[in-house]
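Taken in sequence, the protein lines are chains V and W.
Per this note's numbering, the first sequence starts with residue 264, numbered consecutively.
Per this note's numbering, the second sequence starts with residue 748, numbered consecutively.
Glycine residues also receive a C-beta, built at the ideal position from the N, C-alpha and C atoms.
None of the values given here were measured: they were computed from a predicted structure.
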Amino acid sequence: ETGVTQSPTHLIKTRGQQVTLRCSSQSGHNTVSWYQQALGQGPQFIFQYYREEENGRGNFPPRFSGLQFPNYSSELNVNALELDDSALYLCASSSLLGGGIDEQFFGPGTRLTVL
Amino acid sequence: GNSVTQMEGPVTLSEEAFLTINCTYTATGYPSLFWYVQYPGEGLQLLLKATKADDKGSNKGFEATYRKETTSFHLEKGSVQVSDSAVYFCALSSWGKLQFGAGTQVVVTP
């Protein structure tokens with residue numbers, strides 16, 4: 264069973280640029296969630312995708328956007344980068360069933376630094 | 748809204764000491780509760796979970812009981828090892844979205 268993978272591992276960008284982060288779900292999972300973890304803090308929910316549709320969004324501005332593909336992999340796009348966007352971005356995959364989501368499996372994260 | 752509060756760290760212990768990390772939550776309904784662990788430079792790993800009141804989650808010597816009456820989910824381990832040094836996050840799941848506490852760093856010294 265392949266786990267959740269994310270790419271790239273590290274990324275350095277400058278203010279105003281755009282970035283795309285990628286995530287491959289664990290085999291058999293149909294739901295992907297993205298979280299932002301600032302240094303020294305707990306992860307904050309950005310949004311979730313289920314079968315290629317957004318299925319909930321946290322308190323993040325529209326310049327944070329995402330996609331989920333038919334193979335359930337996903338992208339997180341951030342436009343007009345700001346210094347405060349520097350963080351570890353975590354992707355988690357899970358299965359959304361009739362009874363709801365049980366367990367989310369996390370990838371190793373992408374460390375984004377905005378200069 | 749939902750929220751998770753956990754004790755601040757760092758918590759510094761000697762090997763074989765007893766560990767408790769307090770976690771309380773505020774939520775509507777009956778969320779599932781989780782403890783995740785994050786080792787330096789890594790992502791999150793699920794440590795244990797409980798899906799309903801009075802459930803006890805356990806894994807690798809860690810335990811936590813879902814207490815609805817006190818809205819708590821405290822993490823305990825009877826005898827810690829140096830390899831348990833990490834940051835521990837308490838979380839609740841509401842409609843499939845995880846809400847985390849701020850994390851508690853645990854440092855275990857030989």
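Can you list the residues of chain V that residue i reaches, using a CB-CB cut of under 8 Å?
i, result
"LEU845 of chain W", "SER296, TYR298, PRO306, PHE308, ALA355 and GLN367"
"LEU795 of chain W", "The contacting residues do not exist; LEU795 of chain W stays about 11 Å from chain V at best."
"GLY848 of chain W", "GLY305"
"PHE809 of chain W", "Going along chain V, no residue has its Cβ under 8 Å from PHE809 of chain W, so there is no contact; the nearest lies around 16 Å."
Anyone know if the C-beta pair for residue i and residue j falls short of 9 Å?
i, j, result
"PHE836 of chain W", "LEU791 of chain W", "yes"
"GLY756 of chain W", "VAL853 of chain W", "yes"
"LEU845 of chain W", "GLN299 of chain V", "no"
Check the DSSP bridge columns for residue i and list the partner residues they point to.
i, result
"SER761 of chain W", "W:THR856"
"GLU816 of chain W", "For GLU816 of chain W, which the question treats as bridged, DSSP gives no partner whatsoever."
"GLU755 of chain W", "Bridge partners of GLU755 of chain W: none, in fact."
"ASN806 of chain W", "W:PHE809"
"THR268 of chain V", "V:SER287"
"TYR783 of chain W", "W:LEU793 and W:PHE836"
Can you list the residues of chain W that residue i reaches, using a CB-CB cut of under 7 Å?
i, result
"PRO371 of chain V", "GLU789 and GLY790"
"GLN311 of chain V", "GLY843 and LYS844"
Quick check: what's the CA-CA separation for residue i versus residue j?
i, j, result
"THR767 of chain W", "GLN280 of chain V", "44 Å"
"THR775 of chain W", "GLY848 of chain W", "17 Å"
"TYR352 of chain V", "SER779 of chain W", "23 Å"
"LEU330 of chain V", "PRO857 of chain W", "46 Å"
"TYR777 of chain W", "LEU795 of chain W", "17 Å"
"THR759 of chain W", "VAL855 of chain W", "6 Å"
"ALA355 of chain V", "PHE332 of chain V", "15 Å"
Can you pull the chain W neighbours of residue i, defined as C-beta to C-beta under 8 Å?
i, result
"ASP359 of chain V", "Sequence inspection shows Leu at residue 359 of chain V; the Asp mentioned does not correspond to that position. Chain W residues near LEU359 of chain V: GLY843."
"GLY319 of chain V", "TRP842, GLY843 and LYS844"
What does residue i touch in chain V if you count any residue whose Cβ is under 7 Å from its own?
i, result
"PHE765 of chain W", "Under the 7 Å cutoff, chain V gives no residues; its nearest Cβ is about 24 Å from PHE765 of chain W."
"PHE836 of chain W", "GLY305"
Run the proximity test for residue i: is its beta-carbon closer than 8 Å to any non-hydrogen atom belonging to the ligand ATP?
i, result
"TRP297 of chain V", "Of ligands this structure carries none, so the ligand ATP is not represented either."
inquiry  = Give the list of continuous beta strand (DSSP E) stretches no shorter than 3 residues that lie fully inside the stretch 273–357 of chain V.
reply    = 273–276, 282–287, 294–300, 307–313, 316–320, 327–331, 337–341 and 350–357, all fully within the stretch 273–357 of chain V.
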